[in-house]
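Okay, so the sequence shown: first residue is -15 according to this note's numbering, each after it adds one.
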Amino acid sequence: MAREISGTTRIAAVLGNPLDHTLSPAMHNAAYRALDLDWVYIPIATPDEASVARVAGLARAVPFVGFNVTMPFKQMVFELCDEVALTARMAGAVNTVHVVGERLVGYNTDARGVIEALESEADFAMTGQQVVLLGAGGAAGAALVAAIIGKAARITVVNRTIERAEELIERVEPHLRDAEVRALTWDDAEPAVRSAALVVNCTPIGMQPDDPSPVPGEWFGTGQVVMDMVYRPQPTRLIAEARHAGATAFDGLAMLVAQGATAIDIWEESAQARAPRAVMREAAERQLAARGEVGEGS
Ligand code: NAP
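Right, dumping it as structure tokens:
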């Protein structure tokens, strides 16, 4: 039974543009019901940076629990926070803001999302492994942080704009410990992809139904793990081709669920992973099915 919205209900939200396809309200509200939290999660479409700043200002003053930030504001919201967690500073992006009194504390739960998804979908840990990240934007930043936390041995960041990959690597350099990290262009990526234990697509290639796979499927083989951060349409071309080549491949839905669940755990100030991942996943899958975005083989 859903809780009624009342005078004591606290607000959580997602800010972004566009938000037409967001699965977060369905996932979050399902979790709040399961946890009996007197919270409601709403989408707030913010057309520009000024409107994000206005909502963030409002969140300091009214009973907000926190808010998520999605494309294209994950970088700019960083500047609006009073404090930013180390993983978000390393990734260069904030996707979750906790409202603590009048203060805004920024986090990046995408990195945790990557680690949880690899565990739950492929029973894969990055320790000592070779990892290739396709892309060098905010999502790749989170995956790079996940690979560093996960103690990957060698991390290759492949990007169209090589300078952006180099900037990303420069930002995490002080935190690398023993990991070896390098930047490559797509033209030089084949040997790295072929020899990687894990390849993560952190580009939006695959979001459009006619998109090709970001790398040719024949570069993959048995024993490799391929994660596509894109989760619709299901399955993406990358997932279908990697599976055909014998790799263990899965899309970004598990990551989406885990990053949302981690946000709830932060807002609840819970030391444990309390947010019900299975309930959230079911809610997200229901939404995708209702929109006809789940295809054969997903
Ligand atoms: P972003 O900051 O805009 O970065 C996009 C990256 O993709 C850049 O490195 C860009 O290269 C590259 N790229 C874009 N189009 C390309 C093309 N046609 N060919 C080659 N490279 C291309 O975006 P983001 O925030 O990192 O998000 C990337 C994707 O991850 C999105 O689809 C997003 O929905 C998804 N994502 C999923 C989750 C999840 O929970 N599953 C979480 C976060 C993000 P340049 O630098 O050369 O432009």
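Positions of the beta carbon are idealized from the N, C-alpha and C atoms, including for glycine. These figures come from a predicted structure and were not determined experimentally.
- Straight across, the Cα-Cα distance linking Gly201 with Ala255 is about 41 Å.
- Ranked by Cα distance from Leu168, the first of Leu102, Gly122, Val183 and Val141 is Val141.
- Only residues of its own chain outside the window of five on either side were considered, and among them Ile189 and Arg221 have a CB closer than 8 Å to the CB of Pro196, listed in chain order.
- Between ligand 1 and Ala124, a heavy atom-to-CB distance of less than 7 Å is present.
- Annotation note: the segment 131 to 174 contains the following uninterrupted alpha helix (DSSP H) runs of length 4 or greater, listed N- to C-terminal: 146 to 156.
- Under the three-state reduction of DSSP, Ile248 is assigned to helix.
- Within the segment 35 to 95, the runs of alpha helix (DSSP H) that reach at least 4 residues and sit entirely inside it are, in chain order, 70 to 75.
- For Pro27, the enclosing beta strand (DSSP E) stretches over residues Trp23 to Ala29.
- Between Ser(-10) and Thr30, the alpha-carbon positions lie close to 25 Å from each other.
- Less than 8 Å divides the Cβ of Leu118 from the Cβ of Pro198.
- Gly244 places its beta carbon 8 Å or farther from that of Cys186.
- Taking Asp249 as the centre and dropping the five residues before and after it, the same chain places the C-beta of Gln256, Ala257, Arg258 and Ala259 closer than 8 Å to its C-beta, in chain order.
- Three or more pairs of CB atoms, one per stretch, sit closer than 8 Å, so the segment 150 to 163 contacts the segment 128 to 139.
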